[in-house]
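Quick note on numbering: the sequence shown equals residues 10 to 427 in my numbering. Ideal Cβ positions, reconstructed from N, Cα and C, are used throughout, including at glycine.
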Amino acid sequence: MASRHRHRYTIVGIDPGTTLGLAMLDLEGKPIEVFSSKNYSISDAIRRIISHGTPLIVASDVTPTPSMVKKISKVFSSHIHELSESLSTEEKIALTKGEGYEYRNVHERDALAACLYAFKRYKRKFAQVRKKTPPDVDVEEVKALVVKGVSISAAIKSLVHSGSEGKGEHDVCGDGEDEDEDENEDENERRIDGDIQQLRRAIKAKEREIEAMKEYNAALRSELDAKEHEIQGLRTRMDSIRSMSRREIEEREEIRRRDKEINRLRKELRAKEAENEELRKIIEELKWGKEIKNGKRIKVIKSFNREVIQEVDRRYGFKRGEVVYLENGSGGGANTAELLARKGVSVVIYGKEMSHFAAEKFFEFGIPTFSTNQIPVMVRGDFAFIDARMLNERMREWRSDRGKRREEKRIILSSICI
Numbered sequence: 010m011a012s013r014h015r016h017r018y019t020i021v022g023i024d025p026g027t028t029l030g031l032a033m034l035d036l037e038g039k040p041i042e043v044f045s046s047k048n049y050s051i052s053d054a055i056r057r058i059i060s061h062g063t064p065l066i067v068a069s070d071v072t073p074t075p076s077m078v079k080k081i082s083k084v085f086s087s088h089i090h091e092l093s094e095s096l097s098t099e100e101k102i103a104l105t106k107g108e109g110y111e112y113r114n115v116h117e118r119d120a121l122a123a124c125l126y127a128f129k130r131y132k133r134k135f136a137q138v139r140k141k142t143p144p145d146v147d148v149e150e151v152k153a154l155v156v157k158g159v160s161i162s163a164a165i166k167s168l169v170h171s172g173s174e175g176k177g178e179h180d181v182c183g184d185g186e187d188e189d190e191d192e193n194e195d196e197n198e199r200r201i202d203g204d205i206q207q208l209r210r211a212i213k214a215k216e217r218e219i220e221a222m223k224e225y226n227a228a229l230r231s232e233l234d235a236k237e238h239e240i241q242g243l244r245t246r247m248d249s250i251r252s253m254s255r256r257e258i259e260e261r262e263e264i265r266r267r268d269k270e271i272n273r274l275r276k277e278l279r280a281k282e283a284e285n286e287e288l289r290k291i292i293e294e295l296k297w298g299k300e301i302k303n304g305k306r307i308k309v310i311k312s313f314n315r316e317v318i319q320e321v322d323r324r325y326g327f328k329r330g331e332v333v334y335l336e337n338g339s340g341g342g343a344n345t346a347e348l349l350a351r352k353g354v355s356v357v358i359y360g361k362e363m364s365h366f367a368a369e370k371f372f373e374f375g376i377p378t379f380s381t382n383q384i385p386v387m388v389r390g391d392f393a394f395i396d397a398r399m400l401n402e403r404m405r406e407w408r409s410d411r412g413k414r415r416e417e418k419r420i421i422l423s424s425i426c427i
């Protein structure tokens with residue numbers, strides 16, 4: 010009679026990593042278990058595999074075969090299913106798409122694909138084994154031998170009791186009753202031989218299981234030694250840290266404190282140097298301005314926008330009644346003109362043409378505006394110089410024109426009201 014131990018031999022697929030994927034099939038290709046877990050050790054994996062039987066084939070989905078897969082195969086003396094190239098994602102999805110194949114994540118899928126691919130390689134050979142194996146020979150034992158490289162016929166012969174094929178025909182003697190007794194005795198002998206054969210197979214299976222457990226214990230001892238070595242290394246490192254004297258720690262802390270102070274002083278020095286350079290330029294410009302006869306020094310605003318006006322105000326400030334030069338008067342509108350007017354500016358000289366809205370806003374605030382064609386400007390850095398007498402002359406003209414404009418406006422409004 011054939012042995013009926015369920016899942017005695019298995020095909021195991023392994024996806025190593027931080028999250029371990031593990032899948033097991035029986036020799037008919039039916040799933041036994043698909044499992045995954047984080048931080049799962051090799052000893053945990055071996056224990057789980059043993060709980061379902063003896064792994065006949067161990068497989069992975071990549072090449073070269075990972076070291077963990079090799080170690081587990083060595084523990085059980087199992088056959089490793091080597092790949093010529095790693096399985097692609099498309100291949101793994103196709104392999105695990107069949108009915109009854111379930112998985113929760115890519116780790117389980119990869120492990121399941123590995124053992125299904127291994128089973129696919131032996132599927133036809135296993136079908137031949139089922140077809141050729143006699144009823145009184147264990148099919149799984151024949152499959153196990155075939156995987157190890159034995160031919161089907163040789164595997165079957167090795168499992169058949171050596172005496173079952175050597176029996177000759179019994180001599181016929183006596184009457185019919187003697188023949189019946191001989192037949193009964195032969196039947197009993199065959200039954201006893203079958204039981205003996207089954208017991209021998211059970212003993213061999215136990216011997217294999219014992220050998221696997223020995224290998225498993227050896228793997229556990231190896232893992233334990235590695236952990237102890239790691240612990241010893243950590244202890245040595247801790248002792249080294251503790252042995253550092255308090256003086257060394259204080260010296261390091263003092264060096265860090267001094268480095269921090271040096272960096273602070275360097276930043277402060279750079280700021281002072283920049284400030285001194287700026288003051289030096291201002292002094293030079295002031296000296297240069299005194300050499301211009303009837304020269305009036307005014308501030309330069311490079312662009313007619315809020316940011317530049319605020320920057321000039323921050324650096325030099327605006328005084329009430331001050332004259333300024335807008336190097337480019339085209340950028341600002343009414344709001345920008347109002348901002349400058351509220352800074353106390355009394356006269357605006359502009360380079361490029363100023364917008365109509367800005368000019369009107371300055372006029373509302375009583376601030377005259379002149380182009381550089383009306384009042385020439387000599388620029389030097391952040392300051393410019395104009396002829397004070399020319400400015401006064403243009404101011405008189407502007408006031409006269411302003412009076413005329415107001416009178417014209419009054420007459421127009423009066424005519425509208427009438």
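message: Just to check my reading of the structure: residue 227 and residue 55 have Cβ atoms closer than 8 Å, yes? What is that Cβ distance to the nearest angstrom?
response: The residue given as residue 227 occupies position 218 in the sequence shown. The residue given as residue 55 occupies position 46 in the sequence shown. About 11 Å separates the two Cβ atoms, so there is no contact after all.
query: With 16 as the cutoff for other CB atoms within 10 Å, does residue 410 come out buried or exposed?
result: As a first step, residue 410 must be located in the sequence shown, where it is residue number 401. Exposed is the call here.
- request: Give the straight-line distance between the Cα atoms of residue 329 and residue 353, rounded to the nearest whole angstrom.
  value: Within the sequence shown, numbered from 1, the residue matching residue 329 stands at position 320. Within the sequence shown, numbered from 1, the residue matching residue 353 stands at position 344. The straight-line gap from Cα to Cα measures roughly 4 Å.
task: Within the same chain, show all residues whose beta-carbon is closer than 6 Å to that of residue 66, passing over the 5 residues directly before and after it, in chain order.
output: One-based indexing of the sequence shown puts residue 66 at position 57. Here the set comprises 20, 88, 90 and 127.
field: Local Cβ density within 10 Å of residue 177, reported as buried at 16 or more and exposed below that
entry: What you label residue 177 is simply residue 168 of the sequence shown in a count that begins at 1. Note that residue 177 scores 42 on pLDDT, short of 50, meaning its location in the model is unreliable and no value can be drawn from it.
- prompt: So what's residue 61 in DSSP terms, helix, strand or just coil?
  reply: Along the sequence shown, one-based indexing puts residue 61 at 52. Residue 61 falls in the coil class under three-state DSSP.
- prompt: If you draw a straight line from the alpha carbon of residue 9 to that of residue 343, how long is it in whole angstroms?
  reply: The structure shown does not extend to residue 9, since the chain spans only 10 to 427, so no value can be given for it.
- prompt: Would the beta-carbon of residue 149 fall within 8 Å of that of residue 36?
  reply: On the sequence shown, position 140 is the one that residue 149 refers to. On the sequence shown, position 27 is the one that residue 36 refers to. With respect to the 8 Å criterion, residue 149 and residue 36 are classified as neighbours on the basis of their beta carbons.
task: Tell me where the alpha helix (DSSP H) around residue 152 begins and ends.
output: Taking the sequence shown and counting its residues from 1, one reaches residue 152 at position 143. Here the alpha helix (DSSP H) through residue 152 covers 148 to 156.
- prompt: Are the beta-carbon atoms belonging to residue 332 and residue 305 less than 8 Å from one another?
  reply: Residue numbering aside, residue 332 sits at position 323 when the sequence shown is read from its first letter. Residue numbering aside, residue 305 sits at position 296 when the sequence shown is read from its first letter. Cβ atoms of residue 332 and residue 305: closer than 8 Å.
- request: Report the partner residues of residue 392 according to the DSSP bridge assignment.
  value: The residue labelled residue 392 in the question sits at position 383 within the sequence shown. Note: residue 392 sits in a beta bridge opposite 308 and 389.
task: From the DSSP output, in three-state form, read off residue 91 for me.
output: To locate residue 91, count along the sequence shown from 1; it is residue 82. Three-state result, residue 91: coil.
message: Taking the beta carbon of residue 256 as the centre, do at least 16 other beta carbons fall within 10 Å, making it buried, or is it exposed?
response: Along the sequence shown, one-based indexing puts residue 256 at 247. Under this definition residue 256 is an exposed residue.
- request: Please state whether DSSP places residue 24 in a helix, a strand or coil.
  value: Within the sequence shown, numbered from 1, the residue matching residue 24 stands at position 15. In the three-state reduction of the DSSP assignment, residue 24 falls in the strand class, which pools E and B.
query: Going straight from the alpha carbon of residue 102 to that of residue 95, what length do you get?
result: Residue mapping note: residue 102 aligns to position 93 of the sequence shown, counting from 1. Residue mapping note: residue 95 aligns to position 86 of the sequence shown, counting from 1. If I take the Cα positions, the gap works out to 14 Å.
- request: Please go through the same chain and pick out, in chain order, the residues whose beta-carbon is closer than 8 Å to the beta-carbon of residue 48, but skip the five residues on each side of it.
  value: As a working note, residue 48 is residue 39 in the sequence shown. 27.
field: Residues that residue 68 bridges to, as DSSP identifies them
entry: Here residue 68 corresponds to residue number 59 of the sequence shown, with the count starting at 1. In DSSP, residue 68 forms a bridge with 22 and 90.
field: First through last residue of the alpha helix (DSSP H) which encompasses residue 325
entry: Here residue 325 refers to the residue found at position 316 of the sequence shown. Here residue 325 belongs to no alpha helix (DSSP H), and DSSP marks it neither H nor E.
- prompt: Taking buried to mean at least 16 other C-beta atoms within 10 Å of its own C-beta, is residue 70 buried or exposed?
  reply: Here residue 70 refers to the residue found at position 61 when the sequence shown is read from its first residue. Buried, by the Cβ-count rule.
message: So, with DSSP's three-state summary, where would you put residue 384?
response: Taking the sequence shown and counting its residues from 1, one reaches residue 384 at position 375. Residue state, collapsed to three classes: coil.
query: Nearest CA to the CA of residue 406: which residue from 379, 417 and 108?
result: Position 397 of the sequence shown holds residue 406. 379 is the residue among 379, 417 and 108 whose C-alpha sits nearest the C-alpha of residue 406.
query: What are the residues that DSSP puts in a beta bridge with residue 378?
result: Along the sequence shown, one-based indexing puts residue 378 at 369. Listed as beta-bridge partners of residue 378 by DSSP are 357.
message: Suppose the cutoff is 6 Å on Cβ atoms and the five residues either side in sequence are ignored; what does the same chain contact list for residue 366 look like?
response: Counting from 1 along the sequence shown, the entry for residue 366 is found at position 357. Within the same chain, residue 366 has close Cβ partners 342 and 343.
- prompt: How would you call residue 416, buried or exposed, if buried means at least 16 neighbouring beta carbons within 10 angstroms?
  reply: Here residue 416 corresponds to residue number 407 of the sequence shown, with the count starting at 1. Exposed is the call here.
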